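First up is the structure itself, then whatever we jot down about it.
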Amino acid sequence: MSRALYSGNTRPCQGRAGSSILLARSRMNTRAKLAGSLYRRVLKPWLFIIDAEKVHNVFTDLGEKLENSNLISWMFAGKQSNTNKSVLGIEFSNPVGLAAGFDYNGRLAKVARQIGFGFNTVGTVTAKPYGGNPAPRLIRLPKSRSILVNKGFKSEGATAVAKRLDVKNLTDHTVGISVGSTNIPEINSISKAIDDYLFTFDIFRNKPYVKYFELNISCPNAAMSESFGDEKNFKNLVSAVTGLNIHQPIFVKMSNEIEYSKADALVRSALSWGVRGFIFSNLIKDRNNSALDKGELEKIKFFKGNFSGQPTFVGSNNLIAHVRHEFGKDVAIVGCGGIFSPADAMAKFNAGADLVQLITGMIYQGPQLIGEICNGLDQRQRS
Ligand SMILES: Cc1cc2nc3c(=O)[nH]c(=O)nc-3n(C[C@H](O)[C@H](O)[C@H](O)COP(=O)(O)O)c2cc1C
Numbered sequence: 064m065s066r067a068l069y070s071g072n073t074r075p076c077q078g079r080a081g082s083s084i085l086l087a088r089s090r091m092n093t094r095a096k097l098a099g100s101l102y103r104r105v106l107k108p109w110l111f112i113i114d115a116e117k118v119h120n121v122f123t124d125l126g127e128k129l130e131n132s133n134l135i136s137w138m139f140a141g142k143q144s145n146t147n148k149s150v151l152g153i154e155f156s157n158p159v160g161l162a163a164g165f166d167y168n169g170r171l172a173k174v175a176r177q178i179g180f181g182f183n184t185v186g187t188v189t190a191k192p193y194g195g196n197p198a199p200r201l202i203r204l205p206k207s208r209s210i211l212v213n214k215g216f217k218s219e220g221a222t223a224v225a226k227r228l229d230v231k232n233l234t235d236h237t238v239g240i241s242v243g244s245t246n247i248p249e250i251n252s253i254s255k256a257i258d259d260y261l262f263t264f265d266i267f268r269n270k271p272y273v274k275y276f277e278l279n280i281s282c283p284n285a286a287m288s289e290s291f292g293d294e295k296n297f298k299n300l301v302s303a304v305t306g307l308n309i310h311q312p313i314f315v316k317m318s319n320e321i322e323y324s325k326a327d328a329l330v331r332s333a334l335s336w337g338v339r340g341f342i343f344s345n346l347i348k349d350r351n352n353s354a355l356d357k358g359e360l361e362k363i364k365f366f367k368g369n370f371s372g373q374p375t376f377v378g379s380n381n382l383i384a385h386v387r388h389e390f391g392k393d394v395a396i397v398g399c400g401g402i403f404s405p406a407d408a409m410a411k412f413n414a415g416a417d418l419v420q421l422i423t424g425m426i427y428q429g430p431q432l433i434g435e436i437c438n439g440l441d442q443r444q445r446s
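Heads up: the sequence shown begins at 64 in the working numbering, then just goes up one per residue.
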């Protein structure tokens, strides 16, 4: 199903000032291209030999240490494009976001914008701390352009994450919090899980830096999460959450492999409680997905987990198109899953997404991907 092309607000550069902006932008683009090429040709072959979670931890440490320097934005971002957009009353400096799961404890909340993201989700955050499911929690599958993920809401817990974010000076950033229920055996009923969600919403709802929330009901690696794909449980959760009178918009993070009729029922229910944002979507579970390489599947056959990246692409696009068609302008849609290029992002906008998010594409292609997507959108709008 194809729709009108991405329509952001454009402010074309004009005159002498415009030329110097274009020159500065072209310098930044050259640097970003160089950084991207160095990442893919030199760094990535080495990094991909090392355990994925270790690499992630090293980059998180490094990124957080550099958050007050200009180095990261000098390399990757700056103001390259005029792709600002307003969705559900929030101003996004560009429509490309960091999806939940990369910065689960908020350590990169400041750096994400320096890389070029227009918005970034912290989490999934849970009420209590949890050390994560048994390792290995991340396995790269390069032929499938995917990652096998089994983190299961590894989190320092809402109180610790809020304490960290409180001192990061994020007022002019567009940060969201993804909320889930703690993945521990004690949280073993719908009512306990709902209380757990509410605790985290309550911690963050008055924080000035939290511009939006994600309500995660679709993590296939956490025991209770998918129970909220059931319409009755979902209604109880959404009514309890909206009962907190949260002023920020909420985006429900949906499962990738959900049937259309079930997705429609959840969207309808959310709308009846005033929740208008949806993210399509989370990881896929189906090991028969045609994007998964058979040899790689064989190697990981004894490991638990679910898949990001390329295998999520088509399902996400189909859901975006379907829900946009069914619900028109009543809903705001974030397209998420398998974006590795500006064309992939454009496929989601064309299907009906207002914004897009990614993780796996950045790991495979390099952090300059975000700037490349924004420039692609910018050029598209100018032509
Ligand atoms: C390492 C990793 C951890 C993730 N953890 C979460 C999470 O905690 N909460 C969530 O809603 N989604 C999580 N996801 C799913 C992503 O947010 C996203 O929906 C999915 O990976 C598809 O996007 P991508 O192909 O751009 O990675 C995770 C994905 C990855 C790769």
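For each residue, glycine too, the CB sits at the ideal point set by N, CA and C. Remember, predicted model here, so these are calculated numbers, not experimental data.
For the alpha helix (DSSP H) that residue i lies in, which residues bound it at each end?
| i | result |
| --- | --- |
| L261 | I253 to F267 |
| Q442 | L432 to R445 |
| N381 | F376 to F390 |
| M425 | T423 to Q428 |
| F291 | From DSSP, F291 is part of no alpha helix (DSSP H); its letter is neither H nor E. |
| T123 | A115 to K128 |
| K325 | Y323 to S335 |
| F139 | L134 to F139 |
| K364 | Here K364 belongs to no alpha helix (DSSP H), and DSSP marks it neither H nor E. |
| K107 | K107 to L110 |
| I178 | V174 to I178 |
| V224 | A221 to D229 |
What's the call for residue i, buried or exposed, on a 16-neighbour Cβ count within 10 Å?
| i | result |
| --- | --- |
| R445 | exposed |
| K214 | buried |
| D349 | exposed |
| M64 | Note on M64: pLDDT 38, under 50, position unreliable in the model; no value is reported. |
| F370 | buried |
| T234 | exposed |
| K255 | exposed |
| K128 | exposed |
| N319 | buried |
| A410 | buried |
| E249 | exposed |
Measure how close the beta-carbons of residue i and residue j come, nearest whole angstrom, since I'm counting them as under 8 Å.
| i | j | result |
| --- | --- | --- |
| R447 | Q373 | With the chain running from 64 to 446 in the structure shown, residue 447 is simply not present. |
| V397 | L418 | 5 Å |
| F165 | I363 | The pair is not a contact, with the Cβ atoms about 21 Å apart (cut-off 8 Å). |
| K217 | G194 | 6 Å |
| F297 | S332 | 6 Å |
| A414 | R387 | 7 Å |
| P243 | A285 | Inspection of the sequence shows that residue 243 is occupied by Gly rather than by Pro. 6 Å between Cβ atoms; contact. |
| I280 | V315 | 6 Å |
| G434 | F155 | Not a contact, Cβ separation roughly 15 Å. |
| V212 | G368 | 5 Å |
Could you give the first and the last residue of the continuous beta strand (DSSP E) run that contains residue i?
| i | result |
| --- | --- |
| E277 | V273 to N279 |
| S241 | V238 to V242 |
| F403 | Note, F403: premise wrong, no beta strand (DSSP E); not H, not E. |
| T245 | Counting along the chain, T245 falls outside any beta strand (DSSP E), and DSSP gives it neither H nor E. |
| L201 | L201 to L204 |
| T189 | Careful: T189 lies outside any beta strand (DSSP E) and carries neither H nor E. |
So is the beta-carbon of residue i under 7 Å away from any non-hydrogen atom of ligand 2?
| i | result |
| --- | --- |
| F216 | Of the ligands one can find in the structure shown, namely ligand 1, none is ligand 2. |
Exercise. Please confirm if the region 144–164 is in contact with the region 103–117, defined as three or more CB-CB distances below 8 Å between the two stretches.
Key: no
Practice problem: Could you say if the region 262–277 and the region 195–206 meet the contact criterion of at least three C-beta pairs nearer than 8 Å? | Solution: no
Quiz item: When the Cβ atoms of the region 225–240 are set against those of the region 259–273, are three or more pairs found closer than 8 Å?
Solution: yes
Quiz item: Would you call the region 251–271 and the region 326–344 in contact, with 3 or more CB pairs under 8 Å?
Solution: no
Quiz item: Should the region 400–408 be regarded as contacting the region 422–435, the criterion being three or more beta carbon pairs within less than 8 Å?
Solution: yes
Quiz item: If you pair each beta-carbon of the region 305–313 with each one of the region 167–184, do three or more pairs fall below 8 Å?
Solution: no
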